[in-house]
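Per the working numbering, residue -17 is the first one in the sequence shown, and the count goes up by one each step.
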Amino acid sequence: TTANLPDAMIPSYAHSRSFIWLWMPFFVMAVCIFQQVVLAVVYGEYQENATDVMKEGSKKLVQGINAAFGFIKEPIQVKKHGRMQQVVRFEAFNEVAGLLSNIARGAIIDLNLIELAYQALDRDDDGLLTKDELHEFTDVLQTGFKVTKRDGWLRRRFAGSCLGRCLSRLMDNRKEGPDYGYQERFNGSVFDIFMNCVLGVNVAWIVFQSYIDLNNLAEPDFFEVIDIFFCFIYLAEVWLKLCYWSWGEYWTSMDNRFDFLTTMVLACSGLAYCMTDVSSNVLRFFNLLRLVRMLKALNNIRAYREIWFIIERMIGTCWNVLAMNFLVIYLWSAAGVQLFGGQLYKDSPALQGQDFDYFDSHFQVYNFNDMLMAMVTLFFFTLTTWVDQIAVVCVATADPFTLRWFLNWGHLLSFYVASPLLAFNVFTAFSID
């Protein structure tokens, strides 16, 4: 079989230890070498194809930029950087970008970013860009910058005053260099350290409450007051951040988005508890959302931060590969429902008089009775490469060497090739890359 531990191996090895000389080369060649060779081949093909796609994309991009430059360039050459060159005026480029933003569906063209990038690349400040500068300009536009106001209303209102300086000492980590906003300036600030301490106390409080509940001890009345305090303390955090940074700057951080949503949920649950007859147990349940924020505090650990950056980057860029794996499982699940649906049960007429490890191992939950169950079953196949108990009982639903028997085998073996060997290995190769 295609299992890593064939069924015949155990009884033969139990009968005679000398059979190890037969099975050991099989394990070395099939499991240790051939499976890795398949992965290496898939990875090599994937990397070669990805390189070709990138080269072709870069070539077409350069051709497109050159064509665009030829279309919007000035009719006469202008002296720039000490020699006569063809140039593009900002007004012409901005007009084209405005037209594209109106007619290109799905295209997000930030005209504010265009203006800022144009000014940054126009080194002699004459409103003109050469062909080389236009190539640099398009590279900047593909980076995905977001243009937003940085400062909140309170920071702008009291800038330079004593209150403004105190607020800055509280919210700014005093990092050297330009102020690039929340992402660079908040982590490690006094207020950030304070809120991490509050979060730690909140977690300790929840653990202490769990101890009280597990031991069926009576809770004092002040426990409810502390629960309400932790519901509303994070509102102060959101309010102070929005006073110091603008909404647009605040919302660029995924951590802030999560904090804002969970804070609103906690505040609403606290208000509902104060104004209605909501149980304190419900309030405590919502308070558990703050435990997830403990992961945010771990961002101060460099190794943890780097690992999560890699995971986020991998997930954010492999949707096509995940879609391919999903599609493979979906298609073979649809076929599996037609072949095996409603037949994998102990009293099935097709399985009478036979003893299957499928039932002894209680694998009945893996079946093809509907699309959801079939997809779960084949997903299990993908993760484990092959499940012999399920494969054997599926094949047994048809008489040997009939057309249906060959279809059953064809379905299982083709899925083994399409999903564990190819699609899942492509995902593995993508992760390695």
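Note that the Cβ used here is the ideal one computed from N, Cα and C, for glycine as well.
{"Asked": "Do you know how far the Cα of T299 is from the Cα of R87?", "Found": "The pLDDT assigned to R87 is 49, lower than 50, so where the model puts this residue is not dependable, and the model offers no usable value."}
{"Asked": "Nearest to G64 by alpha carbon, out of N169, T112, V220, S235?", "Found": "T112"}
{"Asked": "List the endpoints of the continuous alpha helix (DSSP H) containing V374.", "Found": "370 to 377"}
{"Asked": "Within 10 angstroms of the Cβ of F108, are there 16 or more other Cβ atoms? Answer buried if so, exposed if not.", "Found": "Residue 108 is actually Asp in this sequence, not Phe. Exposed, by the Cβ-count rule."}
{"Asked": "Could you check what DSSP says for R295 in three-state terms: helix, strand or coil?", "Found": "helix"}
{"Asked": "Going by the DSSP bridge assignment, what does Q429 pair with across the sheet?", "Found": "This structure leaves residue 429 out entirely; the chain is present only between -17 and 415."}
{"Asked": "At 4 residues or longer, and completely inside the region 170 to 228: list those alpha helix (DSSP H) runs for me, N to C.", "Found": "172 to 196, 204 to 226"}
{"Asked": "Would you kindly work out how many angstroms separate the C-alpha atoms of F211 and Y226, rounded to a whole number?", "Found": "23 Å"}
{"Asked": "Using CA atoms only, rank isn't needed, just tell me which of V247, I372, P202 is closest to Q346.", "Found": "I372"}
{"Asked": "In the DSSP assignment, what residue or residues form a beta bridge with D133?", "Found": "W227"}
{"Asked": "Taking the beta strand (DSSP E) that R65 falls in, what are its first and last residues?", "Found": "65 to 67"}
{"Asked": "As a quick exercise: from V358, L243, R151, M357, pick the residue whose alpha carbon is nearest that of S171.", "Found": "R151"}
{"Asked": "From the DSSP output, in three-state form, read off T(-17) for me.", "Found": "With a pLDDT of only 45 at T(-17), under the threshold of 50, the placement of this residue in the model should not be trusted; the figure read from the coordinates follows. It is coil, neither helix nor strand."}
{"Asked": "How many angstroms separate the CA atom of M236 from the CA atom of G230?", "Found": "12 Å"}
{"Asked": "Is L326 helix, strand or coil by DSSP?", "Found": "coil"}
{"Asked": "What is the rounded straight-line gap between the Cα of F75 and the Cα of A102?", "Found": "15 Å"}
{"Asked": "Which of the three DSSP states, helix, strand or coil, is assigned to R71?", "Found": "strand"}
{"Asked": "Just how far apart, CA to CA, sit F8 and A405?", "Found": "25 Å"}
{"Asked": "Shortest alpha-carbon distance to V375 belongs to which of M357, Y398, F338, A400?", "Found": "F338"}
{"Asked": "Measure the C-alpha to C-alpha separation of V180 and F190 and round it to an integer number of angstroms.", "Found": "15 Å"}
{"Asked": "Tell me, please, whether the region 21 to 33 touches the region 393 to 411 by the rule of three or more beta-carbon pairs shorter than 8 Å.", "Found": "yes"}
{"Asked": "Would the C-beta of A102 count as close to the ligand NAD, meaning under 7 Å from any of its heavy atoms?", "Found": "This structure lacks the ligand NAD; in fact it carries no ligand of any kind."}
{"Asked": "Go ahead and pull the three-state DSSP assignment for L61.", "Found": "Per the sequence shown, residue 61 should be read as Lys rather than Leu. Note: K61 maps to strand in three-state DSSP."}
{"Asked": "Assuming D237 is part of the alpha helix (DSSP H), what are its boundary residues?", "Found": "236 to 257"}
{"Asked": "Do you know whose CA, among L136, H393, S343, A400, lies nearest L321's CA?", "Found": "H393"}
{"Asked": "Whether or not the region 244 to 256 and the region 215 to 225 are in contact is what I'm after, with contact meaning three or more pairs of Cβ atoms, one per stretch, closer than 8 Å; do they touch?", "Found": "yes"}
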